[in-house]
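Presented below is the structure to which this report refers.
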Amino acid sequence: MGWLDQVEDQVDALRSARALQEASRSAEACVLLDRVIRTTGDPYARADALVQRLSALINLGRTAEFTRAIEDASAAVRDLAEPYLHGHLNALAALAAHHQGALDRCVMHLVRAARALGADDTPDRDTAWGWHDLAMAYSYLSFHGHALGAIERAREVGLSAGIPEETFAAPGIRLRNAVALDHNGDSDGCLRVLRDVAGDLARFLRGGRAGNIRPSSLAAYGYAAARRAALGDRVESAGDADPNRLLGHGGDSARARDLRQLGQVCLAVAAGRPIEAVTRLDAIRVSDETLGAAESPRLRSVALARAGDHVGAHRADRHAFRLAARRSDRLRDVYIDGIAARIDHEEMRREAARYEGEALTDPLTGLPNRRRLERYLGAVVSRGERVVIGVCDLDGFKAVNTRHGHHSGDLVLQRVAGVINRVMRRGDFVARYGGDEFVVVLPDTGMSEAVEVARRIEAAVRTEDWESLVPGTPVGVTIGFAEVDGSTTISVREALGAAFELADREMLRAKDRLRAS
Numbered sequence: 033m034g035w036l037d038q039v040e041d042q043v044d045a046l047r048s049a050r051a052l053q054e055a056s057r058s059a060e061a062c063v064l065l066d067r068v069i070r071t072t073g074d075p076y077a078r079a080d081a082l083v084q085r086l087s088a089l090i091n092l093g094r095t096a097e098f099t100r101a102i103e104d105a106s107a108a109v110r111d112l113a114e115p116y117l118h119g120h121l122n123a124l125a126a127l128a129a130h131h132q133g134a135l136d137r138c139v140m141h142l143v144r145a146a147r148a149l150g151a152d153d154t155p156d157r158d159t160a161w162g163w164h165d166l167a168m169a170y171s172y173l174s175f176h177g178h179a180l181g182a183i184e185r186a187r188e189v190g191l192s193a194g195i196p197e198e199t200f201a202a203p204g205i206r207l208r209n210a211v212a213l214d215h216n217g218d219s220d221g222c223l224r225v226l227r228d229v230a231g232d233l234a235r236f237l238r239g240g241r242a243g244n245i246r247p248s249s250l251a252a253y254g255y256a257a258a259r260r261a262a263l264g265d266r267v268e269s270a271g272d273a274d275p276n277r278l279l280g281h282g283g284d285s286a287r288a289r290d291l292r293q294l295g296q297v298c299l300a301v302a303a304g305r306p307i308e309a310v311t312r313l314d315a316i317r318v319s320d321e322t323l324g325a326a327e328s329p330r331l332r333s334v335a336l337a338r339a340g341d342h343v344g345a346h347r348a349d350r351h352a353f354r355l356a357a358r359r360s361d362r363l364r365d366v367y368i369d370g371i372a373a374r375i376d377h378e379e380m381r382r383e384a385a386r387y388e389g390e391a392l393t394d395p396l397t398g399l400p401n402r403r404r405l406e407r408y409l410g411a412v413v414s415r416g417e418r419v420v421i422g423v424c425d426l427d428g429f430k431a432v433n434t435r436h437g438h439h440s441g442d443l444v445l446q447r448v449a450g451v452i453n454r455v456m457r458r459g460d461f462v463a464r465y466g467g468d469e470f471v472v473v474l475p476d477t478g479m480s481e482a483v484e485v486a487r488r489i490e491a492a493v494r495t496e497d498w499e500s501l502v503p504g505t506p507v508g509v510t511i512g513f514a515e516v517d518g519s520t521t522i523s524v525r526e527a528l529g530a531a532f533e534l535a536d537r538e539m540l541r542a543k544d545r546l547r548a549s
């Protein structure tokens, strides 16, 4: 079953919006999606439309609208246990953060997107496009290895769903890799990559499969050819491989528009008109995020060298190199492996602080607070679903406060929040209820499965390195579980109260058994 099979309203409109975006007609897609958002009562349809709308705004380069669009989509997706949606939203949020210059937030979203999409084993079109957009985000941030891995995953999932290989050719990924090599002084490496890109296009043209290539990808093929020509390579200038013809594709994509303008600069250099190329560079305005801030000064250097102004060319080259180095320095500070480790402890706090507001977040641990927990459970119960609620009470926490003070106690609570959140299953919900009490909610789970989850939590807390944090005061956890059956006719508050009472009672019995042993 694919993602859209779960949507019950306006599915045809949502599919049409996808097709429009694939054809680089994002402005038309926006109009269609706005209509769905206004008229649908289906939470799945609304969430899909808002995620798609964010994608369309990114394609159109409407940067001022990104933050609001992310907030709206995040609110719609929040309570839907669907990994594709969370993965695709975070991939798009990473792209938006990159265009806004927020690299730390960008990398954080990349990690979340990879985790969510990695948990989705459904080989459908939407999951494939989620991997595609994640690959694009990796590529724009210059994580070229991660980008190639993600686009390969998109191809694999896409082929399983009947999407032709060439749809996910993604020449833009290798194009950005190539120009990054050139910005750092490796023009030969750049040409090798660009020739490989041209080889792929030639293969698709020979096989009569070019019709499946996305318009924005055709523009990327055009720029790859124009860039090769600017560096002195002989490039075919007739038929379907003509750079001018390819650069004309891309529809209303902001990135394709940038490629067209820069491509004309490259072609002017290749045609022996370097002064025209410099004049064009002075007249155009392109986003630094399309091919990196170093691309324009690097093209200026190439043009000035062709014009015989070697002093000016050297100055422009040094400027390009400095811009490329500055980007590398910024990336080093937010390298993806470091962000992945931090997310285990800070994921819920960062997400909540940005999209939900402090009213629903425990400020110490970053987990959802009691109010957010009750809202989540209310939604679950109102849908008639069954869940198991676990109340987790810390053992030894009073001794921590007594021996080491409340600051150390706060550090222990933060550590426990990260540990519990890390070992939960996909779709589970974790909150801090108050004091040293945490609550986990396990959807579609029986008591036997809950016992296994409890064992994982207890083992993770027990084996954490408490000695280095609060020497001589080990910390443990005791958990009691109870079921909430959404089919009951009592109120949500009554159902929750009864479940908490049962879970508390079971937790106290577990503590008594522990003391007796």
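Going by the numbering used here, the first residue of the sequence shown is number 33, and it counts up by one from there.
In this text, a Cβ means the ideal position worked out from N, Cα and C, and glycines have one as well.
Item, Value
"C-alpha gap between R57 and D153, whole angstroms", "30 Å"
"As assigned by DSSP and simplified to three states, the class of L127", "helix"
"Run of the beta strand (DSSP E) containing A514, from where it starts to where it stops", "508–517"
"C222 vs A262 beta-carbon contact at 8 Å", "no"
"T397 - DSSP class collapsed to helix/strand/coil", "coil"
"Proximal residues to L191 (C-beta, below 7 Å), its chain only, five neighbours per side dropped", "E197"
"For R418, the three-state DSSP class (helix, strand or coil)", "strand"
"Cβ-based burial, G282 [other Cβ within 10 Å; buried from 16]", "buried"
"Contact check, V419 vs T505, beta carbons under 8 Å", "no"
"Host beta strand (DSSP E) of L474 (start-end)", "469–475"
"Reference P115; option with closest CA among L135, L127, G150", "G150"
"Reference E327, options L355, L124, A107, closest by Cα", "L355"
"Residue nearest to A357 in terms of C-alpha spacing, selected from A210, L399, A325", "A325"
"Rounded distance between the beta-carbons of T397 and L445, thought under 8 Å", "6 Å"
"Exposure of I307, with buried meaning 16 or more beta-carbon neighbours within 10 Å", "exposed"
"Bridge partners - A212, DSSP secondary structure assignment", "Note: A212 sits in no beta bridge, so no partner."
"Euclidean distance between Cα positions of R100 and L409", "26 Å"
"Simplified DSSP state of A463, which is helix, strand or coil", "strand"
"The region 236–250 touching the region 177–186, judged by at least three CB pairs closer than 8 Å", "no"
"Alpha carbon of V317 to alpha carbon of P329, nearest angstrom", "In the sequence under discussion, the amino acid at residue 317 is Arg, which differs from the Val named in the question. Roughly 13 Å between the two C-alpha positions."
"Residue range of the unbroken alpha helix (DSSP H) whose run includes E499", "498–501"
"Length-filtered (4 minimum) alpha helix (DSSP H) runs lying within the region 60–144", "75–92, 98–109, 115–131"
"Inter-residue CB distance, V493 and V462 (contact presumed, cutoff 8 Å)", "The pair is not a contact, with the Cβ atoms about 13 Å apart (cut-off 8 Å)."
"Nearest to G194 (by Cα), restricted to the options G217, R137, A79, T159", "T159"
"V68 vs A77 beta-carbon contact at 8 Å", "yes"
"At least three beta-carbon pairs within less than 8 Å, the region 205–219 to the region 165–178", "yes"
"Proximal residues to L331 (C-beta, below 8 Å), its chain only, five neighbours per side dropped", "A262, L294, V297, C298, V301, A309, L313"
"At least three beta-carbon pairs within less than 8 Å, the region 85–99 to the region 51–65", "yes"
"Under 8 Å between C-beta atoms of A288 and S333", "no"
"D427 (DSSP reduced to helix, strand or coil)", "strand"
"Separation of D517 from A384, as counted between CA atoms", "Caution is warranted here: a pLDDT of 48 is assigned to A384, below 50, making its placement in the model unreliable, and no coordinate value can be reported."
"Boundaries (first-last residue) of the alpha helix (DSSP H) holding D272", "No alpha helix (DSSP H) holds D272; DSSP gives it neither H nor E."
"Straight-line gap, R403 to V413 (C-alpha atoms, nearest Å)", "15 Å"
"Residues of its chain near F429, where Cβ-Cβ distance is below 6 Å and the 5 sequence neighbours each way are ignored", "D468"
"Whole-angstrom distance between G73 and L124, CA atom to CA atom", "24 Å"
"8 Å contact criterion, which A352 and A345 should meet: CB distance rounded", "Incorrect: roughly 10 Å between the Cβ atoms, too far for contact."
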